[in-house]
Amino acid sequence: MDETSTIACPYCNSETLVILDGVDGDIDLVSDCENCCRPINVRATVEHGVVVSIQVE
Ligand SMILES: [Zn+2]
Numbered sequence: 613m614d615e616t617s618t619i620a621c622p623y624c625n626s627e628t629l630v631i632l633d634g635v636d637g638d639i640d641l642v643s644d645c646e647n648c649c650r651p652i653n654v655r656a657t658v659e660h661g662v663v664v665s666i667q668v669e
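Sequential numbering of the sequence shown, starting at 613, is according to this note's numbering.
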């Protein structure tokens, strides 16, 4: 199962998609913005395949 979520890029403010890879629990990953290609640090919490919280910095 691939869980995806849409976030707003902190650099250019455009929406970009992150793939959370079907992992459960706390996730820390770096996703490149589709628009400006800068790396975005994403922290997410997934419980039973549902994204309960997602933060970008
Ligand atoms: Zn961007």
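The beta-carbon is built from N, C-alpha and C at its ideal position, and this holds for glycine as well.
Cβ separation of residue i and residue j, assumed to be a contact under 8 Å, to the nearest whole Å
{"i": "Leu-629", "j": "Thr-618", "result": "6 Å"}
{"i": "Gly-637", "j": "Val-658", "result": "7 Å"}
{"i": "Val-642", "j": "Asn-653", "result": "6 Å"}
Inter-residue Cα distance where the pair is residue i and residue j
{"i": "Val-664", "j": "Ala-656", "result": "8 Å"}
{"i": "Cys-621", "j": "Glu-627", "result": "6 Å"}
{"i": "Ile-666", "j": "Asp-640", "result": "10 Å"}
{"i": "Glu-634", "j": "Cys-649", "result": "Note that residue 634 corresponds to Gly in the displayed sequence, not to Glu. Cα to Cα, the separation comes out at about 23 Å."}
{"i": "Glu-615", "j": "His-660", "result": "11 Å"}
{"i": "Pro-651", "j": "Tyr-623", "result": "9 Å"}
{"i": "Asn-647", "j": "Asn-625", "result": "9 Å"}
Span of the beta strand (DSSP E), counted from its first residue to its last, around residue i
{"i": "Leu-641", "result": "637-644"}
{"i": "Pro-622", "result": "From DSSP, Pro-622 is part of no beta strand (DSSP E); its letter is neither H nor E."}
{"i": "Glu-659", "result": "651-659"}
Cβ neighbours of residue i in the same chain (closer than 6 Å, five flanking residues each side left out)
{"i": "Asp-644", "result": "Pro-651"}
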